[in-house]
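In our numbering, the protein residues as written are 3 to 147.
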């Protein structure tokens, strides 16, 4: 499982031209689910995301997590993170979990995440989404589990 996290000042997500959800200061988490992933894998990765220290403390050092600062979280499914880019000029998606299975796992992880962190919004699995964000820093990390 792969999480691309970005610290943002604000972000919004649009589907079919209408705003679906938005956050203020927080994290946008793009989540890629691979064939070998499980609920345990996702739980471990999302727990790391919530506790990853990417927000500044009083001295300006990245020493606080989303949990510490009550940051908002936007979780967005993104199967392209599971792409193989090693060969050729076209990405391959053979390592991505099949859509129906991935959607079920994603839904379970969304439910778990909302229990852990109530300030969580999500995109719609498989939808064509437009994500608008203002990256703060920029601060972006790629986490794998």
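C-beta: ideal position from N, C-alpha, C; glycine also. Small disclaimer: the values here were computed from a predicted structure and weren't measured.
- So does the region 126-135 actually touch the region 20-39, counting three or more Cβ pairs closer than 8 Å? The region 126-135 is in contact with the region 20-39.
- Could I get the ranges of all uninterrupted alpha helix (DSSP H) runs contained in the region 21-77, with 4 residues as the minimum, in chain order? The region 21-77 contains these whole alpha helix (DSSP H) runs: 41-53, 68-71.
- With 16 other Cβ atoms within 10 Å as the buried cut-off, status of residue 95: Per the 10 Å Cβ criterion, exposed.
- Item | For residue 141 and residue 9, believed in contact at Cβ under 8 Å, the rounded distance | Contact flag correct, Cβ pair sits at about 4 Å.
- Task: Tell me whether residue 138 sits in a helix, a strand or coil according to DSSP, three-state version.
- Result: Note: residue 138 maps to strand in three-state DSSP.
- Query: Which of helix, strand or coil does DSSP assign to residue 116?
  - Reply: Here residue 116 sits in helix by DSSP.
- Item | Start-to-end residues for the beta strand (DSSP E) that takes in residue 16 | 4-17 is the span of the beta strand (DSSP E), which, as asked, contains residue 16.
- Of the residues 56, 47, 147, 77, the one placed nearest residue 120, counting alpha carbons only: Of the candidates 56, 47, 147, 77, the residue whose Cα lies closest to the Cα of residue 120 is 77.
- Message: Using only the alpha-carbon positions, how far apart do residue 106 and residue 33 sit?
- Response: C-alpha separation (whole angstroms): 14 Å.
- Task: Please classify residue 95: does DSSP put it in a helix, a strand, or coil?
- Result: Assignment of residue 95 by DSSP, reduced to helix, strand and coil, places it in the coil class.
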